[in-house]
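Notes to accompany the following structure.
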Amino acid sequence: MTITARPPAPRTTPRRRRVIRFTPRDIAVIGLLLGIPVVLDVALIWGPTLASVALSFTSWNGVTDIKPVGLDNYHNIVSNYPPFWPAVRHNLVWLLFLGVVATPLGLFFAVLLDKQIRFSRFYQTAIYLPVVLSLAVIGFIAQLLYSRDYGAVNAALGRTDNPIDWIGDPSINLWSVLVLVGWRHVGYVMLLYLAGLKAVDPSLKEAAAIDGANEAQTFFRVVFPALRPVNILILVITVIEALRAFDVVYAINRGRNGLELLSVLITDNIVGEASRIGFGSAIAVILLLISLIFIVTYLLQVFREDRA
Amino acid sequence: MITPDHPTRRTILRGAGLGAAAFAVPALSAALAGCDKPDEGGSGGSGGGTVTFGSNYSDEVPKKAIAEVLAKSGQDVKINTVDHNTFQENITRYLQATPDDVFTWFAGYRMQFFAAQGFATDISDVWTEIGADFSDAMKAASTGEDGKQYFVPFYYYPWAVFYRKSVFESKGYQIPKTWDEYKALAAKMKADGLTPIALGNKDGWPAMGTFDYINMRLNGYDFHVSLMAGKESWEDPKVKQVFSLWQEILPYCQSGANGRTWQEAAQSLVAKQTGMYVLGMFVGQQFPASDAADLDYFPFPQIAEEHGQDSVEAPIDGFMVSAKAKNVDGAKKLVKYLASPEAQNLYAKGDPNNVATNKRADTSGYSALQKKAAELVGSAKHISQFLDRDTRPDFASTVMIPSLQSFLNNPKDVDGLVKQIEGQKKTIFTS
Amino acid sequence: MTTTTQAPPVTVPTRQAGSRRRVRPARLVLHAFLICVAVGWLVPLLLAVYASLRPYAETAARGYFSLPHKLSFDYYVDAWQRGGQPRYFINTLLIAVPSVLLTLFFASFVAFLISRRRIRFGKFLLIAFTAGNLLPQQVLATPLYVMYSKIPLPWWMSWPSELLYDSYWGVIAIHVAFQTGFCVFVLTNYMDTVPQELVEASIVDGAGVWRQYWHVILPLVRPALGALGTLEFAWIYNDFFWAVILMSTGDKFPVTSALNNLRSVYFTDYNLLAAGSILVALPTLLVFFILQRQFISGLTLGSTKG
Chain Z
462 MTITARPPAP RTTPRRRRVI RFTPRDIAVI GLLLGIPVVL DVALIWGPTL
512 ASVALSFTSW NGVTDIKPVG LDNYHNIVSN YPPFWPAVRH NLVWLLFLGV
562 VATPLGLFFA VLLDKQIRFS RFYQTAIYLP VVLSLAVIGF IAQLLYSRDY
612 GAVNAALGRT DNPIDWIGDP SINLWSVLVL VGWRHVGYVM LLYLAGLKAV
662 DPSLKEAAAI DGANEAQTFF RVVFPALRPV NILILVITVI EALRAFDVVY
712 AINRGRNGLE LLSVLITDNI VGEASRIGFG SAIAVILLLI SLIFIVTYLL
762 QVFREDRA
Chain C
775 MITPDHPTRR TILRGAGLGA AAFAVPALSA ALAGCDKPDE GGSGGSGGGT
825 VTFGSNYSDE VPKKAIAEVL AKSGQDVKIN TVDHNTFQEN ITRYLQATPD
875 DVFTWFAGYR MQFFAAQGFA TDISDVWTEI GADFSDAMKA ASTGEDGKQY
925 FVPFYYYPWA VFYRKSVFES KGYQIPKTWD EYKALAAKMK ADGLTPIALG
975 NKDGWPAMGT FDYINMRLNG YDFHVSLMAG KESWEDPKVK QVFSLWQEIL
1025 PYCQSGANGR TWQEAAQSLV AKQTGMYVLG MFVGQQFPAS DAADLDYFPF
1075 PQIAEEHGQD SVEAPIDGFM VSAKAKNVDG AKKLVKYLAS PEAQNLYAKG
1125 DPNNVATNKR ADTSGYSALQ KKAAELVGSA KHISQFLDRD TRPDFASTVM
1175 IPSLQSFLNN PKDVDGLVKQ IEGQKKTIFT S
Chain E
10 MTTTTQAPPV TVPTRQAGSR RRVRPARLVL HAFLICVAVG WLVPLLLAVY
60 ASLRPYAETA ARGYFSLPHK LSFDYYVDAW QRGGQPRYFI NTLLIAVPSV
110 LLTLFFASFV AFLISRRRIR FGKFLLIAFT AGNLLPQQVL ATPLYVMYSK
160 IPLPWWMSWP SELLYDSYWG VIAIHVAFQT GFCVFVLTNY MDTVPQELVE
210 ASIVDGAGVW RQYWHVILPL VRPALGALGT LEFAWIYNDF FWAVILMSTG
260 DKFPVTSALN NLRSVYFTDY NLLAAGSILV ALPTLLVFFI LQRQFISGLT
310 LGSTKG
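Protein chains in written order, with the working numbering: chain Z, 462 to 769; chain C, 775 to 1205; chain E, 10 to 315.
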């Protein structure tokens, strides 16, 4: 991982080698403004994360002495914790849904709304609104839409005699929730992509248009490749969101009865009265390992790019 | 800090902005420190008059009621209200770091757990003074595993089978005394086009009441306590029997319980769509004032004759003195006051949804429901605290809630279910 | 960061494009589609607002999808008074405003060093910052709590605990730490799309690091900063978790906690809660409207053309 004195080659055109010479003032500025976030990150994020990894090999209720138990927690999680495997499955379904449906939809809206059209601001606002809602509103909206006996969806479908149990039926509630999740995620992706589209040099598009490309061609051949870093960003965010997914199911029924997710299991065990911190930390480590698969893929990507 | 080569209007403006920010920092710092400045005299911990009171009475009605009670305590009480949900989730951290002198909490295992961790001050001396005012069951619910008292009970709310008097009168239904009568009544209601038993278990805890009652009626209070303490096997035929009895009434219950909140289930009782509902006294809060007098209840029916109807599920809320209390004497004086009939009467005036724990409390202002509750609990041999208060919180929330929900989804597989519960119980209770 | 008098002129060359009077059929189809989408997106929210205007007894009896008998703003008044919201709003702003500003400031500077100055170990830093965001924040709760409860602060910084625990400093610090990781990643990627030549030119001009960052790069990533600022504000503002874990004095809690005060232990008037949460959501919307012009269509960054 050590990045040895590689030439700081500009990405676009390799030109004469630039020698970075920082003045003492530059070094002071960098030391301060890089130092603070790095210290915070190490002390408040990585320190506790490593502590959690260590705790995952122990049994601890947050109060009495910490007792080392080796791999017991892991063994218990995979063999003696019924919600675990459903949670893993749900997280992967989540990832698939966000990656295949919600994220592309967000990109699509961003591209549509980046054009010079009337009411663009209104459309953007409508799609973005769900992002700002707090947990309490999300929980209420889920109840209001999906309640079996009093909800709007069953009423609108006219299913009052034989209502569908959108939240209570564990075979369908994951999909009910994913609709709400998509509803929020689309606005989020749209916003980030809109900002990315702003950086595309309009002359590129004009040139493509002069060459006779239609809008779709322009987007896929010119804009999309030019936004490669932003595309990667959106991809990574989708992965993060899918693996960390928590709040919507938690607001609905605390992530039970068919809505289990890894982060909910972690929370159930760590946060709350009389916790099983070692056990919860072990679930977190498993989640971290799953994340690592994606990090490594990303890393390879980054370094391949470097070498090129 | 910025020295641009040739200052423009813009950079000057920005510099001014930074300057203003620099002045704002100390003001901000003061704001960030907290709400009010420390009182130099009182903070020394000299055992002055002030008692701090950590409260989870965050809803409007109880918040006002408790404030009035504390205002008349004759002591200087500083209340720190945290919403009840946060308070509960945070309790371990709160008690370890910066607890108030007195804090609100629950009786039973939930209290014993924290007392055993050394977070509570022994208040047995207070009990020698107030003991005569409380029933033995109340004292037992306030006693830690070591036989000392750590808790002062304030009020309770019993669980029972609720119904509408008008429905029972118009259809000529009789109050069922036994399990068979209960089932027969349910069958009759079904024939009359009612859904006999309301059930809403979206949040996971309401179904625990039914489990507890079947268990206590079938196996007795002592078995309930030791099952909850992790001392019995969940694969015991006695436990399986509880689930199979429950299966017998499931066809009479509202289907889709795991998607329904308790409030929606209660609403079906209000609307006379369902006939009966096993819940706590708070079910009345879903009733419009005009219908409140029509709400009544009967104790959960008898199953095994030797246990009759001798146990009541009646969660008790009260107070504890934290181990880190700075003003122990003041705290003890305050909990003693809160145990008094005067304080409890005053509270009942402000928040009439519960029943006072003190035997000498004035019951003349009670509603019919409250009077009945006081009788029910007063005559009960045992008071249980509800599944999630009688066992470890991690067991209740990470094992029992999912298990009961999966039972309601798939009632057939009792063997598989109890095996799973037992497996998880073992790892939790041995940790 | 929202100074409107930014030097490199943000040209508005095509502002009027939308008002061209050519109505093409394709445009009509597009508008019809977008209207459907916008309405679909707004319906759940409008239903929530509608419910908040009706008494609970009515929606409980008749369902949420029914005609109204009585509509009023009573719940809004009630929520404002009962939740004790003015004080909690201030608490939230005390946490959210410094957190968002510091996060964006630090993150953009680090991103600038990584992306444009290509410092040594830059990629390593980038990965370290990003990876910290992969875990749900709940994982950090216990170790962080233990750490915070052992760090003393003077009383004028943290009262009454005199610890980092139960102080805004601690909550702000963790927000900044957690969100900076994410923002570094986002901003690095945005900056990668900015032509390197611009920075190089300023280096040749002899500008110091600060000037390159503040005068060259920041204006170029304003759309990203605007979008990110909007999101960060919404997240930190709505966050409840850190306050719950790291605070214990009820009066210092953020506004999301005031919403919990609208729930009773058992019974909850959901329509009142809806009114309260809609009130609480207003500031985040306001921030969106203010920052929206940074990334709204119709504005193009003229300076990207060099």
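The C-beta atom is built at its ideal place from N, Cα and C for all residues, glycine as well.
CB contact check: residue i to chain Z, cutoff 8 Å
{"i": "C/Val1188", "result": "no"}
{"i": "E/Phe138", "result": "yes"}
{"i": "E/Thr151", "result": "yes"}
Residue i classed as buried or exposed, judged by whether at least 16 other C-beta atoms fall within 10 angstroms
{"i": "C/Lys811", "result": "Per-residue confidence for C/Lys811 stands at a pLDDT of 49, beneath the threshold of 50, marking its modelled position as unreliable; the derived number appears in the next sentence. It counts as exposed."}
{"i": "C/Asp996", "result": "exposed"}
{"i": "C/Lys1123", "result": "exposed"}
{"i": "Z/Gly716", "result": "buried"}
{"i": "Z/Leu652", "result": "buried"}
{"i": "C/Ala1063", "result": "exposed"}
{"i": "C/Gln1179", "result": "buried"}
Within-8 Å CB hit, residue i to chain E
{"i": "C/Asn975", "result": "no"}
{"i": "C/Thr984", "result": "no"}
{"i": "Z/Thr519", "result": "no"}
{"i": "Z/Lys659", "result": "yes"}
Alpha carbon of residue i to alpha carbon of residue j, nearest angstrom
{"i": "E/Ala2", "j": "C/Gly1104", "result": "There is simply no residue 2 of chain E to check, as chain E begins at 10 and stops at 315 in what is shown."}
{"i": "E/Phe74", "j": "C/Phe936", "result": "29 Å"}
{"i": "Z/Asp526", "j": "C/Gln891", "result": "11 Å"}
{"i": "C/Gln1076", "j": "C/Ala972", "result": "20 Å"}
{"i": "Z/Leu726", "j": "Z/Pro565", "result": "29 Å"}
{"i": "Z/Tyr589", "j": "Z/Ala712", "result": "20 Å"}
{"i": "Z/Pro543", "j": "C/Ala841", "result": "45 Å"}
{"i": "C/Ile1202", "j": "Z/Gly739", "result": "11 Å"}
{"i": "C/Val1052", "j": "Z/Val593", "result": "39 Å"}
{"i": "Z/Ile506", "j": "E/Thr139", "result": "11 Å"}
{"i": "C/Asp1162", "j": "C/Gly882", "result": "10 Å"}
{"i": "C/Trp953", "j": "Z/Ile625", "result": "32 Å"}
{"i": "Z/Val647", "j": "Z/Gly619", "result": "29 Å"}
{"i": "C/Phe1056", "j": "C/Asn1127", "result": "7 Å"}
{"i": "E/Gly235", "j": "C/Met912", "result": "60 Å"}
{"i": "C/Gly1004", "j": "C/Lys1200", "result": "8 Å"}
{"i": "C/Gln1047", "j": "C/Asn993", "result": "32 Å"}
{"i": "E/Cys45", "j": "Z/Thr586", "result": "14 Å"}
In DSSP terms, what residue i is bridged to
{"i": "C/Ser1085", "result": "C/His1156"}
{"i": "E/Arg272", "result": "E/Thr277"}
{"i": "C/Thr952", "result": "C/Gln1076"}
{"i": "C/Gln923", "result": "C/Thr917"}
{"i": "C/Ile971", "result": "C/Cys1027, C/Met1050"}
{"i": "C/Ile1090", "result": "C/Tyr930"}
{"i": "C/Gly828", "result": "C/Asn854, C/Phe877"}
Min CB distance residue i to chain C below 8 Å
{"i": "E/Val148", "result": "no"}
{"i": "Z/Val598", "result": "no"}
{"i": "E/Ser158", "result": "yes"}
{"i": "E/Asp248", "result": "no"}
{"i": "E/Arg91", "result": "yes"}
{"i": "E/Tyr85", "result": "no"}
{"i": "Z/Pro529", "result": "no"}
{"i": "E/Gly179", "result": "no"}
{"i": "E/Phe276", "result": "yes"}
{"i": "E/Leu172", "result": "yes"}
*asked:* Which complete beta strand (DSSP E) runs does the region 1013-1068 of chain C hold, if anything under 3 residues is left out?
replied: Correct list: 1048-1054.
Where are the alpha helix (DSSP H) runs, 4 residues long or more, that stay fully inside the region 663-719 of chain Z, in chain order? Uninterrupted alpha helix (DSSP H) stretches at least 4 residues long and entirely within the region 663-719 of chain Z occur at 663-671, 676-679, 689-705, 708-714, given in chain order.
Runs of beta strand (DSSP E) wholly within the region 841-890 of chain C (minimum 3 residues, chain order):
As far as the region 841-890 of chain C is concerned, its whole beta strand (DSSP E) runs of at least 3 residues are 851-855, 876-880.
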